[in-house]
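>
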Amino acid sequence: MHYSLAFLLGAVLLQWQTELPPVQSFALLPVMAVAAWRLRLLRIPLVILAGFLWAAADAQLSLQQRLPVAFEQQQIEVGGRIVDSPQYGESSQSFRFLIEQVTDHPNFPVPMLVRLSWYDRTLSLAPGQYWNLQLRLKTPRGLMNPAAFDYEGWLFSVGIAAKGYVRDAPSNRQDEARFRTTALHRLRERIRSQIAGRLGNRRAGAVLRALTIGDRSGFSDADWALFRSSGTSHLIAISGLHIGIAGGVIFWLTGSLWRRSPRLCLRFPAQQASACGAIVGAFCYAALAGFPIPTQRALLMLLVVMGGLLLRAGVRPLHGLALALILVVMIDPIAPLTPGFWLSFAAVGVIVAALQNRTGRSSRVADLIRIQWLISIGLAPLILFWQQHLPAVAPLVNLIAVPLFSLLIIPLSLIAVAVSLLSAGFGAWLILVCGWLIEWSLRLMELAAENPWQLPLPGARSALHWLALTAGVLLLLLPRGLPGRWLGLILPLPFLLVPGSVPTPPHGGFFVTMFDVGQGMAVAVRTANHTLVYDGGPKYSPEFDAGTGIVAPYLKELAIERIDRLVVSNGDADHSGGVAGLLAQIPAVSIVSGEPGRLLAHSSSRCRAGDKWRWDGVDFSLLHPDEESARWRGNDASCVLRIESAAGSLLITGDIESPAERRLIDCCRERLRADIVTVPHHGSATSSTRPFVDAVAADFALVSSGYLNRYGFPRAAVVERWLSSGAQLATTAESGAIRLRVLPKVGVAGPIRHRQQGRRYWNYPPP
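Per our numbering, the very first residue in the sequence shown carries number 1493; after that it's consecutive.
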């Protein structure tokens, strides 16, 4: 077991590196294998180093398969195949596409797996279809923000080599003669239609599709908000966790039934029968999900553990789990980047440990309930680490929901869809029963989500916090009667009650963070005791918006429980799309907007020039729009906010264009001078006029824009204008989130570029 953990440690250590080791170092692998065999004292360090280099070699190969930068933004004629069911957005559908041939670029690397968006929802796309398409691709970059989900790392972990969209071209056509589907695809589509026919568009139908075939496209914004706020997101779609739990439950059920027949036990031992049942059941479940990569990893893990039992190899379950661990990491060294890897191994590890630590002659049902409760406890640190928040009721909800889903809803759902394929009438009745159970569980989640109380989680949790929490949970998982087990209740308390170290601005200073939200805007400003957020960024899909996924995690990491003032510059979606998600996570004391009428779901007042307030020695004043604000519409209605102290100043301009810039120059030219400025309207040609740039005379000009955005922002002329004025210009597209500190006796310190500071080897470096 310790060698497997050492190899895993080496692979995990690589994931924290900013650069890969030289290719020549990979030649040391066979040397270290021989040395580890001969030198017993150095065996563990050598295994760690071997895991590190093995993962590095695999990562080097994966990076070489990504789209070369030379092919970005070119029109490329390709032929290839759709490999999964499309996910629907408001105006598009997205899907994975395997490029098999390229007609106009002989040096284009094929095959290549890409993720495409097609801005035409009327097309009926399905897995197996072969299409000739005209594409525009770009490298698989993601947004780079502190405390936020690393989308770039996720794309790397699932093998996506490029992102792009289908251009509207006459050459786009389906080659029906090359259409190739499988019985599995047809089965998944049939199950999808069976569920839709019985439950329609009800929420229960969306959950049932997610649990049986891994289709999450039916969830609304409200559904995802519910899962997050109740701490149950990990239960709602097939993942490695589900495969691990399903395999363990089927193993137990098969053994329980098999042992009731002495004749069967004489023909074939119950343990081997249980292993067969677990393998077959887990394989079928992963197949229904379409064999996504997380389920493949979990299935391999289960095959090794159960294969040892089936072959009577004399392998103890924990040793089998260790063998599975090292095999999964060797075959897929990127696996430790994914939550499913840790959740599935942890779930199976808890099950194995619980079965080995049985005491007395407790009933099978009692054992099963105990195992489910132990799984809930054992997974708590991992769920908290990956979700980065913990509603106060989440542990209790999971103690109920995990057994409810794994013992009742998931098995009954699988039985229901199987029966519906054989007997439509009886299957329809079972699907309706599943729908009722799911609706009941959703009501439970709603009750949990309505509880506003949160556990007092400290910000910036240190390694010691996590170590204490993990040690406490491991102690709680030990068998009853062992000395020191009671410490499991004490050790997690520092994690919950002792605050982490959070950098705080001194009196008279302030910290500025411009988030990387793509083509949109979101800025946070912190003083010693107050927080202001300017804009919530865009909404990207029903599952993800900048407020929920970028701004809120950052504030929670800093232990900020409320926003003292939220300024929404205007009503455009790239500025206000994430507001609802942000407020669902962190409440705001006050909301002001340049267009409050467009924020229908939130009570807000209008920004008015002349409004002022002072926080912790820092002055805030609104410069625009003026008292005739009714005449300003759209971009020019944006709130313009000036923040200043003796240490320095910041001007946040929103989306203003030349008319608003002229008005500001006429009314308050002397108040435009600032050390830091957010470049108006993402650097468009209709903003940043020469008189305005000269009046601001900033030292730092920050641009919030998306990488290779379709508008071409920031425009080259605008960039040149700010640079020629003496400003240092930074864009979120190139730098990721940008942070500056305005400090007494120091002035402006920074900028800190998160694409540089928080970079891992898979992240594209700043230019």
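Beta carbons: idealized from backbone N, C-alpha and C, even for Gly. Everything numeric in this text was worked out from a predicted model, so none of it was measured.
Does the contact criterion of 3 or more C-beta pairs under 8 Å hold for the region 1836-1845 versus the region 1792-1799?
The region 1836-1845 is in contact with the region 1792-1799.
> Mind checking which residues open and close the beta strand (DSSP E) that includes THR1787?
One-based indexing of the sequence shown puts residue 1787 at position 295. Here THR1787 belongs to no beta strand (DSSP E); instead the alpha helix (DSSP H) covers 1785-1802.
> One question on the structure: do THR1830 and PRO1786 come within less than 8 Å of each other, judged by their Cβ atoms?
On the sequence shown, position 338 is the one that residue 1830 refers to. On the sequence shown, position 294 is the one that residue 1786 refers to. The answer is yes: Cβ separation under 8 Å.
> Would you kindly work out how many angstroms separate the C-alpha atoms of ALA2129 and PHE2112, rounded to a whole number?
Here residue 2129 refers to the residue found at position 637 of the sequence shown. Here residue 2112 refers to the residue found at position 620 of the sequence shown. Cα to Cα, the separation comes out at about 19 Å.
> Can you give the Cα-Cα distance for GLY1980 and LEU1615, rounded to whole angstroms?
Looking up residue 1980 in the sequence shown gives position 488. Looking up residue 1615 in the sequence shown gives position 123. About 56 Å.
> Let me check understanding here. Comparing Cα to Cα, which of LEU1559, GLY2000, GLY1634 and GLU1644 lies closest to PRO1604?
Within the sequence shown, residue 1604 is the residue found at index 112, counting from 1. Pro is not the amino acid found at residue 1604; the sequence shown has Met there. Out of LEU1559, GLY2000, GLY1634 and GLU1644, LEU1559 has the C-alpha closest to the C-alpha of MET1604.
> Pick helix, strand or coil for THR2178, following the three-state DSSP scheme.
Along the sequence shown, one-based indexing puts residue 2178 at 686. If DSSP states are grouped into helix, strand and coil, THR2178 belongs with coil.
> Provide the residue span of the alpha helix (DSSP H) that contains LYS2237, from first to last.
Translated into positions along the sequence shown, residue 2237 becomes position 745. No alpha helix (DSSP H) contains LYS2237, which DSSP labels as neither H nor E.
> How far does the alpha helix (DSSP H) with LEU2224 in it extend, from its first residue to its last?
Within the sequence shown, the letter at position 732 stands for residue 2224. The sequence shown places Thr at residue 2224, rather than the Leu named in the question. Residues 2224-2227.
> State the start and end residues of the unbroken beta strand (DSSP E) segment that holds GLU2153.
Taking the first residue of the sequence shown as position 1, residue 2153 is located at position 661. Careful: GLU2153 lies outside any beta strand (DSSP E), inside the alpha helix (DSSP H) at 2150-2160.
> Between which residues of its own chain and GLN1557 is the CB-CB distance below 6 Å, once the five residues before and five after are set aside?
The residue given as residue 1557 occupies position 65 in the sequence shown. These residues qualify, in order along the chain: ALA1653.
> Taking C-beta to C-beta, are MET2013 and GLY2029 nearer than 8 Å?
One-based indexing of the sequence shown puts residue 2013 at position 521. One-based indexing of the sequence shown puts residue 2029 at position 537. Against a cut-off of 8 Å, the Cβ pair of GLY2029 and MET2013 comes out as a contact.
> Short of 8 Å in beta carbon distance, which residues of its chain neighbour PRO2257, apart from the five on each side in sequence? Order them along the chain.
Numbered from 1 along the sequence shown, position 765 holds the residue referred to as residue 2257. Hits under 8 Å: ARG2247, GLN2248 and ARG2251.
> How is THR1597 classed by DSSP in three states: helix, strand or coil?
Residue 1597 sits at position 105 when you count from the first residue of the sequence shown. Position check: residue 1597 holds His in this sequence, whereas Thr was assumed. Reduced to three states, the DSSP call for HIS1597 is coil.
> Tell me whether LEU1961 counts as near the ligand COA, meaning its Cβ is closer than 7 Å to at least one heavy atom of that ligand.
For the structure depicted, the ligand COA is absent and the ligand set is empty, with no information on it obtainable.
> Is it the case that the Cβ atoms of ILE2055 and THR2023 are separated by a distance below 8 Å?
Residue 2055 sits at position 563 when you count from the first residue of the sequence shown. Residue 2023 sits at position 531 when you count from the first residue of the sequence shown. Cβ distance < 8 Å, so ILE2055 and THR2023 count as in contact.
> In chain order, what residues of the same chain lie with their CB nearer than 6 Å to the CB of ILE2157, ignoring the 5 residues before and after it?
What you label residue 2157 is simply residue 665 of the sequence shown in a count that begins at 1. Taken in chain order, the residues that qualify are PRO2183 and ALA2187.
> Which partner residues does ASN1624 have in the DSSP bridge list?
Translated into positions along the sequence shown, residue 1624 becomes position 132. GLY1571 and ARG1665, per the DSSP bridge assignment.
> Do the region 1627-1639 and the region 1530-1542 touch if we need at least three Cβ pairs shorter than 8 Å?
As far as the Cβ criterion goes, the region 1627-1639 does not touch the region 1530-1542, which means the pair count is below three.
> Which complete alpha helix (DSSP H) runs does the region 1528-1578 hold, if anything under 4 residues is left out?
Here the runs fully enclosed are 1535-1556.
> Alpha carbon to alpha carbon, how far is LYS2104 from TRP1958? Give it in angstroms, no decimals.
Looking up residue 1958 in the sequence shown gives position 466. Looking up residue 2104 in the sequence shown gives position 612. Each residue's Cα considered, the two are about 42 Å apart.
> Please state the DSSP three-state secondary structure of ASP1612.
As a position in the sequence shown, residue 1612 is number 120, starting the count at 1. Three-state result, ASP1612: coil.
> In angstroms with no decimal places, state the Cα-to-Cα distance between PHE1775 and GLY1799.
Start at 1 with the first residue of the sequence shown, and residue 1775 comes out as number 283. Start at 1 with the first residue of the sequence shown, and residue 1799 comes out as number 307. Roughly 13 Å between the two C-alpha positions.
> Which value, in whole angstroms, describes the spacing of the CA atoms of ALA2101 and HIS2173?
Here the question's residue 2101 lines up with position 609 in the sequence shown. Here the question's residue 2173 lines up with position 681 in the sequence shown. Going by the C-alpha atoms only, they are around 19 Å apart.
> Hey, could you find the ends of the beta strand (DSSP E) TYR1643 is sitting in?
In the sequence shown, counting from the first residue as 1, residue 1643 sits at position 151. Element bounds for TYR1643: not the beta strand (DSSP E) but the alpha helix (DSSP H), 1643-1649.
> What residue range is occupied by the uninterrupted alpha helix (DSSP H) comprising GLY2140?
Position 648 of the sequence shown holds residue 2140. It is not in any alpha helix (DSSP H) - GLY2140 instead sits in the beta strand (DSSP E) that spans 2140-2144.
> Spell out whether any CB of chain D is found under 8 Å from the CB atom of GLY2204.
No chain D appears in this structure, which consists of one protein chain only.
> Under 8 Å Cβ to Cβ from ALA1547, same chain only, skipping five residues before and after it: list those, please.
In the sequence shown, residue 1547 corresponds to position 55, counting from 1. Cβ neighbours of ALA1547 beyond the five flanking positions: GLY1502, ALA1503, LEU1506, GLN1507, VAL1821, PRO1825 and ILE1826.
> Use the C-beta contact count for LYS2031: other C-beta atoms within 10 angstroms, 16 or more gives buried, fewer gives exposed.
Here residue 2031 is taken as the residue at index 539 of the sequence shown, counted from 1. The residue is buried, with at least 16 neighbouring Cβ atoms inside 10 Å.
> Could you say if the region 2060-2075 and the region 1963-1978 meet the contact criterion of at least three C-beta pairs nearer than 8 Å?
Segments in contact, no.
> Do you know whose CA, among GLN1788, ASP1859, THR2224 and PRO1513, lies nearest VAL2171's CA?
Position 679 of the sequence shown holds residue 2171. Residue THR2224 is the option with its Cα nearest to VAL2171.
> Whole angstroms are fine: how far does the CA of PRO1995 sit from the CA of GLY2146?
To locate residue 2146, count along the sequence shown from 1; it is residue 654. To locate residue 1995, count along the sequence shown from 1; it is residue 503. Each residue's Cα considered, the two are about 27 Å apart.
> So GLN1567 packs on GLN1626, CB below 8 Å; how close in whole Å?
In the sequence shown, residue 1567 corresponds to position 75, counting from 1. In the sequence shown, residue 1626 corresponds to position 134, counting from 1. About 6 Å separates the two Cβ atoms, so the contact holds.
> DSSP on VAL2132, reduced to helix/strand/coil?
The residue you call residue 2132 lines up with position 640 of the sequence shown. Strand, per DSSP.
> Look at the alpha carbon of ALA1767 and the alpha carbon of GLY1697, and state the distance between them as a whole number of angstroms.
The count along the sequence shown starts at 1 and reaches residue 1767 at position 275. The count along the sequence shown starts at 1 and reaches residue 1697 at position 205. About 32 Å.
> Could you check whether ALA2177 and VAL2210 sit closer than 8 Å to each other, using their CB atoms as the reference points?
Within the sequence shown, numbered from 1, the residue matching residue 2210 stands at position 718. Within the sequence shown, numbered from 1, the residue matching residue 2177 stands at position 685. Yes; because the gap between Cβ atoms is below 8 Å, this pair is in contact.
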